[in-house]
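Peer 1: From first to last, the protein sequence lines are chains V and G. All residue numbers for the first sequence refer to my numbering, where the first residue is 1 and numbers rise by one. All residue numbers for the second sequence refer to my numbering, where the first residue is 397 and numbers rise by one. Glycine included, each C-beta is placed from N, C-alpha and C at the ideal position. I have a structure here, written as structure tokens, and I will follow up with some questions on it.
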Amino acid sequence: MRKFIDKIKPSFEKGGKFGFLHSTFDAFESFLYVPNTVTLKGSHVRDSVDLKRIMITVVVALVPCALFGIWNVGYQHNIAFDLGWGFWQMVWYGFLRVLPLYVVAYVVGLAIEFISAQIRGHEVNEGFLVSGMLIPLIVPVDVPLWMLAIAVAFAVIIGKEVFGGTGMNIWNPALLCRAFLFFSYPSKMSGDTIWTGGVTRYLTDGTAFQSGNGLADAFSGATPLVHAGAGGVQGLADAGTSFMDLFIGTIPGAVGETSVIAILIGAVILIWTGVASWKIMLSSVIGALAIGGLCNAIGGTPAMEMPAYYHLVLGGFAFGTVFMATDPVTSAQTETGKWIYGFLVGALTVTVRLFNPGYVEGMMLAILLMNTFAPLIDHYVIEASLGRRAKKVKVA
Amino acid sequence: MSNNIDLKRGLDIPISGTAVQKTRKVIKPDVVAVKPTDFRGLMPRLLVREGDKVMAGSPVLADKKSPEILFASPVSGTVAEIVRGEKRKLLEVRIKADETQEYVDFGARKVSGLSADEIKDALLKSGLWPAFIQRPYGIIANPEIRPKAIFVSAFSTAPLAACAEYVFKDEMENIQTAVNAIAKLTDGGVHVSLNSENYSGTPFHKLENVTFHVFSGKHPAGNVGVQIHHISPILKGETVWTVSPLMLAAIGKLFNTGKYDLSRLVAVSGPEANDPCYVQGIAGMPMESIADFCKDGKSSVRFISGDVLTGKNVGEQGFLGFHDNQVTLIEEGNHYEMLGWAKPFRTSLFSFSHTYFSWLTPGKKYDMDTNLHGGPRAFVMSDVYGKVLPMDIYPVYLIKACLAGDIDKMEKFGIYEVLEEDLALCEYVCPSKIEIQSILSDGIDLMMKEMA
Numbered sequence: 001m002r003k004f005i006d007k008i009k010p011s012f013e014k015g016g017k018f019g020f021l022h023s024t025f026d027a028f029e030s031f032l033y034v035p036n037t038v039t040l041k042g043s044h045v046r047d048s049v050d051l052k053r054i055m056i057t058v059v060v061a062l063v064p065c066a067l068f069g070i071w072n073v074g075y076q077h078n079i080a081f082d083l084g085w086g087f088w089q090m091v092w093y094g095f096l097r098v099l100p101l102y103v104v105a106y107v108v109g110l111a112i113e114f115i116s117a118q119i120r121g122h123e124v125n126e127g128f129l130v131s132g133m134l135i136p137l138i139v140p141v142d143v144p145l146w147m148l149a150i151a152v153a154f155a156v157i158i159g160k161e162v163f164g165g166t167g168m169n170i171w172n173p174a175l176l177c178r179a180f181l182f183f184s185y186p187s188k189m190s191g192d193t194i195w196t197g198g199v200t201r202y203l204t205d206g207t208a209f210q211s212g213n214g215l216a217d218a219f220s221g222a223t224p225l226v227h228a229g230a231g232g233v234q235g236l237a238d239a240g241t242s243f244m245d246l247f248i249g250t251i252p253g254a255v256g257e258t259s260v261i262a263i264l265i266g267a268v269i270l271i272w273t274g275v276a277s278w279k280i281m282l283s284s285v286i287g288a289l290a291i292g293g294l295c296n297a298i299g300g301t302p303a304m305e306m307p308a309y310y311h312l313v314l315g316g317f318a319f320g321t322v323f324m325a326t327d328p329v330t331s332a333q334t335e336t337g338k339w340i341y342g343f344l345v346g347a348l349t350v351t352v353r354l355f356n357p358g359y360v361e362g363m364m365l366a367i368l369l370m371n372t373f374a375p376l377i378d379h380y381v382i383e384a385s386l387g388r389r390a391k392k393v394k395v396a
Numbered sequence: 397m398s399n400n401i402d403l404k405r406g407l408d409i410p411i412s413g414t415a416v417q418k419t420r421k422v423i424k425p426d427v428v429a430v431k432p433t434d435f436r437g438l439m440p441r442l443l444v445r446e447g448d449k450v451m452a453g454s455p456v457l458a459d460k461k462s463p464e465i466l467f468a469s470p471v472s473g474t475v476a477e478i479v480r481g482e483k484r485k486l487l488e489v490r491i492k493a494d495e496t497q498e499y500v501d502f503g504a505r506k507v508s509g510l511s512a513d514e515i516k517d518a519l520l521k522s523g524l525w526p527a528f529i530q531r532p533y534g535i536i537a538n539p540e541i542r543p544k545a546i547f548v549s550a551f552s553t554a555p556l557a558a559c560a561e562y563v564f565k566d567e568m569e570n571i572q573t574a575v576n577a578i579a580k581l582t583d584g585g586v587h588v589s590l591n592s593e594n595y596s597g598t599p600f601h602k603l604e605n606v607t608f609h610v611f612s613g614k615h616p617a618g619n620v621g622v623q624i625h626h627i628s629p630i631l632k633g634e635t636v637w638t639v640s641p642l643m644l645a646a647i648g649k650l651f652n653t654g655k656y657d658l659s660r661l662v663a664v665s666g667p668e669a670n671d672p673c674y675v676q677g678i679a680g681m682p683m684e685s686i687a688d689f690c691k692d693g694k695s696s697v698r699f700i701s702g703d704v705l706t707g708k709n710v711g712e713q714g715f716l717g718f719h720d721n722q723v724t725l726i727e728e729g730n731h732y733e734m735l736g737w738a739k740p741f742r743t744s745l746f747s748f749s750h751t752y753f754s755w756l757t758p759g760k761k762y763d764m765d766t767n768l769h770g771g772p773r774a775f776v777m778s779d780v781y782g783k784v785l786p787m788d789i790y791p792v793y794l795i796k797a798c799l800a801g802d803i804d805k806m807e808k809f810g811i812y813e814v815l816e817e818d819l820a821l822c823e824y825v826c827p828s829k830i831e832i833q834s835i836l837s838d839g840i841d842l843m844m845k846e847m848a
């Protein structure tokens with residue numbers, strides 16, 4: 001294998017037959033082999049960690065969510081059509097539905113990454129490994145693939161490449177992809193039927209994955225977030241959703257965001273490896289509880305009276321807090337800034353949920369908004385720190 | 397030890413090959429080199445030609461900007477070769493050593509009777525002035541000014557560094573002489589930092605005429621820059637000098653014996669060193685004289701004058717640096733590793749991050765090599781750098797300011813307080829493989845150019 005690569009390598013170098021494909025070749029080579037580059041300047045030894053390792057760690061942390069999501073897609077389909085399926089049938093159905101999402105996300109995203117790296121003559125950055133893993137988990141399973149493709153292209157080009165690639169972007173590309181979907185195709189992307197696999201097709205074609213069964217009588221398809229928004233705890237109970245259902249994740253919703261248990265497994269991996277900031281996660285939870293608690297005290301609508309901790313298990317809050325808000329590039333970079341940033345993410349999410357009747361999922365917008373303000377937070381944190389230091393020196 | 401300054405952040409790199417405390421041999425170098433590249437920003441003027449006879453202590457180079465600063469030959473012999481690089485940049489003056497060593501006699505003198513100017517004069521004439529490093533920027537001290545204070549770190553936390561207690565066990569008298577001498581060059585006093593681990597055990601504890609500070613923590617707690625940051629941060633317009641115990645010993649010897657004597661115990665260390673231990677050597681000694689330390693059968697070994705974080709790759713034909721008392725031998729890691737980044741364990745490699753499992757084996761030492769372990773990328777992880785930098789600065793912002801060449805921002809983010817060595821660990825842990833030391837170095841050069 002190594003010999004083969006060494007043999008074809010010269011033709012991909014500058015002046016070689018395929019010299020214009022240099023970045024592409026390099027990406028594949030460095031994917032297969034840790035390169036033989038040695039340190040030239042500065043420190044002679046380097047840590048064995050690199051960005052590939054960090055990205056793969058995030059991907060591993062996302063695996064529980066993905067696996068649960070695959071099962072849950074089948075499970076929800078099973079309920080919706082009253083099929084009486086066994087475990088493996090549900091997994092198989094979920095697999096068939098989620099796999100195309102992954103294929104589209106990775107093929108479109110990586111193609112753009114490769115092309116732009118090629119144009120710039122850079123090495124291909126591994127950032128999209130994570131974005132591509134995230135995107136299918138935060139979209140509704142019934143999203144049309146062509147829409148997903150356009151959204152991914154938008155997110156990668158406008159969200160990342162125009163700024164110079166991974167490390168330079170302002171907004172989290174995966175979230176930008178979801179935002180694009182929601183605002184560009186509101187008719188397709190909202191409503192209650194999009195969240196359960198197969199329902200959209202049933203409603204248009206009259207056939208689902210398994211023909212013969214119509215929609216179950218009790219099917220509503222609405223996510224618990226909608227119930228909670230309309231009726232608080234009572235609304236959830238009327239829909240037959242308990243706190244434990246929300247926690248385990250056996251509810252309709254975007255593919256990977258429903259199970260708090262799977263997300264917590266990922267959170268433990270991320271925090272333990274130090275890849276994501278526990279400060280952001282914790283302060284986001286505090287922020288959500290604070291605003292939720294405040295609204296409890298004020299009361300008024302059933303949603304405002306819902307206990308604040310319900311917000312933590314509803315909708316995309318947990319997933320967003322653990323995997324999206326903590327993106328090291330788009331979050332605040334100073335340690336104090338992370339506390340502020342996380343708190344505001346949590347607080348804004350609950351605020352949007354409770355006070356915006358038209359749009360129940362606040363997580364996406366809260367994070368994107370805070371992404372925008374993260375550099376500003378950092379700026380003031382640093383100014384304050386420098387000011388403090390100057391004062392200290394003056395006193396001394 | 398009431399005012400122990402405990403530094404929580406840092407990292408001791410677990411590299412194998414610590415030198416054991418014995419001296420294997422005395423090196424009588426055949427050829428030694430005086431290297432102007434050991435000093436930042438030095439524009440050297442040659443004072444000798446090939447074939448000239450020199451004695452130990454005879455001036456070989458002078459500083460073009462302040463010609464009173466001289467650089468002397470560590471041995472007596474004949475100037476054998478003047479090595480130049482690109483654009484005729486002077487790299488080395490190689491001197492072939494004589495069988496018997498003759499020293500220029502500068503005259504042994506009692507320090508207590510000398511004035512500051514006489515001390516300055518003696519150091520300048522003898523070629524020991526370059527022992528002082530001036531901060532900001534880490535340049536040779538300017539003899540015209542009186543620094544705010546002079547700082548000495550009496551311990552080194554750098555990977556595999558020479559043990560101060562061992563290499564200076566016979567030099568304490570000289571170091572005391574030197575301290576008495578340089579104390580006259582400043583009004584702020586001489587500040588010596590000790591390691592809390594052997595605070596009372598180290599002979600430095602007995603020094604007089606100094607102010608002690610005690611530090612504990614992992615590398616870079618032993619870096620004098622980090623210590624200054626905690627003792628008395630350098631503000632704009634201030635200058636401080638630093639000097640190493642190694643150079644204090646040489647300064648002491650000058651006043652006690654009248655000789656320019658740069659002989660020193662050198663730690664030969666590193667994973668590729670066979671039976672790592674000390675040798676009695678001298679500044680500018682050739683790497684060839686310790687080539688017998690190399691393990692058999694290894695073809696590509698990197699000879700580093702200094703430690704693995706900040707040392708210079710001098711090569712097998714190279715020479716020991718002026719300020720160094722350590723040589724590290726490590727393997728060139730120019731090999732491929734199939735899917736290395738995806739392997740779950742990779743137990744032979746160390747990582748500061750928990751993405752590998754080396755945290756399960758805290759006592760283990762690793763045979764590190766020079767492989768970069770990845771490709772260069774943009775800054776992504778913003779919080780790893782602070783974990784190894786016990787200073788109140790924002791390294792990522794500072795480095796970005798250096799990249800942008802923004803003088804105001806560099807100043808704001810503390811460029812006066814740091815040298816490359818202080819940020820070396822940030823470079824080590826960087827998952828984006830950014831050349832932080834080199835970027836900082838360019839930033840400092842720019843500052844010197846713009847602020848001059």
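Counting C-beta neighbours from all protein chains within 10 Å, is the total for residue 406 (chain G) 16 or more, i.e. buried, or is it exposed?
Peer 2: It is buried - the Cβ of residue 406 (chain G) has at least 16 other Cβ atoms within 10 Å.
Peer 1: Under 8 Å between the Cβ atoms of residue 409 (chain G) and residue 45 (chain V)?
Peer 2: Going by C-beta atoms, residue 409 (chain G) is nearer than 8 Å to residue 45 (chain V).
Peer 1: Could you pull out every unbroken beta strand (DSSP E) segment of at least 3 residues lying fully inside the stretch 718-750 of chain G, listed in chain order?
Peer 2: Taking only runs of at least 3 residues, the beta strand (DSSP E) segments lying wholly in the stretch 718-750 of chain G are 722-727.
Peer 1: Can you tell which of G:666, G:759 and G:803 has its C-alpha closest to the C-alpha of residue 766 (chain G)?
Peer 2: For residue 766 (chain G), the nearest C-alpha among the options comes from G:666.
Peer 1: Can you list the residues of chain G that residue 44 (chain V) reaches, using a CB-CB cut of under 8 Å?
Peer 2: Neighbours of residue 44 (chain V) on chain G, chain order: 698, 700, 704, 705, 707, 709, 724, 726 and 766.
Peer 1: Quick check: the Cα distance between residue 634 (chain G) and residue 323 (chain V), rounded to an integer number of angstroms?
Peer 2: Computed Cα separation, rounded: 46 Å.
Peer 1: Using a Cβ cut-off of 8 Å (strictly closer), state whether residue 52 (chain V) contacts chain G.
Peer 2: Yes - at least one Cβ of chain G is within 8 Å of the one on residue 52 (chain V).
Peer 1: Tell me whether residue 195 (chain V) is buried or exposed, calling it buried when 16 or more other Cβ atoms sit within 10 Å of its Cβ.
Peer 2: Result: buried.
Peer 1: Within the continuous alpha helix (DSSP H) that includes residue 291 (chain V), where are the two ends?
Peer 2: Residue 291 (chain V) -> alpha helix (DSSP H) spans 278-298.
Peer 1: Output the boundary residues of the beta strand (DSSP E) element that contains residue 78 (chain V).
Peer 2: Run containing residue 78 (chain V): none in the beta strand (DSSP E); it sits in the alpha helix (DSSP H), 51-81.
Peer 1: Which residues of chain G have a Cβ atom closer than 8 Å to the Cβ of residue 168 (chain V), listed in chain order?
Peer 2: Those are 774, listed as they occur along chain G.
Peer 1: Taking DSSP as the reference, what is the three-state secondary structure of residue 157 (chain V)?
Peer 2: In this structure, residue 157 (chain V) counts as helix in the three-state DSSP scheme.
Peer 1: So does the stretch 116-123 of chain V actually touch the stretch 82-98 of chain V, counting three or more Cβ pairs closer than 8 Å?
Peer 2: Counting Cβ pairs under 8 Å, fewer than three are found: no touch.
Peer 1: Under 6 Å Cβ to Cβ from residue 715 (chain G), same chain only, skipping five residues before and after it: list those, please.
Peer 2: For residue 715 (chain G), where only same-chain residues beyond five positions count, the Cβ hits under 6 Å are 429, 680 and 682.
Peer 1: Rounded to whole angstroms, what is the Cα-Cα separation between residue 498 (chain G) and residue 562 (chain G)?
Peer 2: If you take the alpha carbons of residue 498 (chain G) and residue 562 (chain G), they lie about 28 Å apart.
Peer 1: If contacts are defined as beta-carbon pairs under 8 Å, then residue 640 (chain G) and residue 611 (chain G) qualify, I think. What distance do you get, rounded to the angstrom?
Peer 2: Wrong, their Cβ atoms sit about 16 Å apart, outside the cutoff.
Peer 1: Within the continuous alpha helix (DSSP H) that includes residue 837 (chain G), where are the two ends?
Peer 2: Start and end: 832-847.
Peer 1: At which residue ranges does the stretch 621-671 of chain G contain complete beta strand (DSSP E) runs of 3 or more residues, listed in the order of the chain?
Peer 2: With a minimum length of 3 residues, the continuous beta strand (DSSP E) runs that stay inside the stretch 621-671 of chain G are 636-638 and 659-665.
Peer 1: Strictly below 8 Å CB to CB, what residues from chain G border residue 47 (chain V)?
Peer 2: Correct list: 746, 747, 748, 749, 769, 824, 825, 826 and 827.
Peer 1: For the stretch 352-386 of chain V, enumerate the residues whose C-beta is nearer than 7 Å to any C-beta of chain G, in chain order.
Peer 2: The residues in question are 382 and 386.
Peer 1: Just how far apart, CA to CA, sit residue 153 (chain V) and residue 24 (chain V)?
Peer 2: Cα-Cα distance, rounded: 19 Å.
Peer 1: Are the CB atoms of residue 94 (chain V) and residue 73 (chain V) within a distance shorter than 8 Å?
Peer 2: Cβ distance < 8 Å, so residue 73 (chain V) and residue 94 (chain V) count as in contact.
Peer 1: Kindly provide the ranges of any beta strand (DSSP E) runs that are 3 or more residues long and lie completely inside the stretch 536-590 of chain G, ordered along the chain.
Peer 2: Those beta strand (DSSP E) runs which fall completely within the stretch 536-590 of chain G and span 3+ residues are 546-549.
Peer 1: Could you check whether the stretch 711-730 of chain G touches the stretch 424-438 of chain G, counting it as contact only if at least three pairs of C-beta atoms, one from each stretch, sit closer than 8 Å?
Peer 2: Counting Cβ pairs under 8 Å, three or more are found: they touch.
Peer 1: Throw me the rounded Cβ distance for the residue 256 (chain V) and residue 350 (chain V) pair, which I believe falls under 8 Å.
Peer 2: Actually they are not in contact, since the Cβ atoms of residue 256 (chain V) and residue 350 (chain V) sit about 21 Å apart, beyond 8 Å.
Peer 1: Please list the partners that residue 831 (chain G) has in chain V, where partner means a Cβ-to-Cβ separation under 7 Å.
Peer 2: By Cβ distance, chain V contributes 41 and 42.
Peer 1: Give the residues from the stretch 275-291 of chain V that approach chain G closer than 8 Å (Cβ to any Cβ), ordered along the chain.
Peer 2: From the stretch 275-291 of chain V, only 275 and 277 have a Cβ closer than 8 Å to chain G.
Peer 1: Ordered along the chain, which non-local residues of its own chain (more than five positions away) have a Cβ less than 6 Å from that of residue 783 (chain G)?
Peer 2: The residues are 405.
Peer 1: Examine chain G for any beta-carbon lying closer than 8 Å to the beta-carbon of residue 257 (chain V), and answer yes or no.
Peer 2: It does not; no Cβ of chain G falls within 8 Å.
Peer 1: Return the CA-CA distance between residue 570 (chain G) and residue 418 (chain G), expressed in angstroms with no decimal places.
Peer 2: Cα to Cα, residue 570 (chain G) sits roughly 22 Å from residue 418 (chain G).
Peer 1: Would you mind telling me which residues of chain G sit closer than 7 Å to residue 405 (chain V), beta carbon to beta carbon, in chain order?
Peer 2: No answer is possible for residue 405 (chain V): it lies beyond the span of chain V, which begins at 1 and ends at 396.
Peer 1: Mind listing which residues of the stretch 240-274 of chain V have their C-beta closer than 9 Å to chain G's C-betas, in chain order?
Peer 2: Those residues of the stretch 240-274 of chain V that come within reach of chain G (Cβ to Cβ, closer than 9 Å) are 272, 273 and 274.
Peer 1: Measure the C-alpha to C-alpha separation of residue 841 (chain G) and residue 812 (chain G) and round it to an integer number of angstroms.
Peer 2: Roughly 12 Å separates the two Cα atoms.
Peer 1: Could I get the ranges of all uninterrupted alpha helix (DSSP H) runs contained in the stretch 299-333 of chain V, with 4 residues as the minimum, in chain order?
Peer 2: Within the stretch 299-333 of chain V, the complete alpha helix (DSSP H) runs of at least 4 residues are 302-305 and 310-313.
Peer 1: Does chain V have any CB closer than 8 Å to the CB of residue 409 (chain G)?
Peer 2: Output row for residue 409 (chain G): interface = yes.
Peer 1: Do we get a CB-CB distance below 8 Å when we pair residue 733 (chain G) with the residues of chain V?
Peer 2: By this cut-off, residue 733 (chain G) is an interface position.
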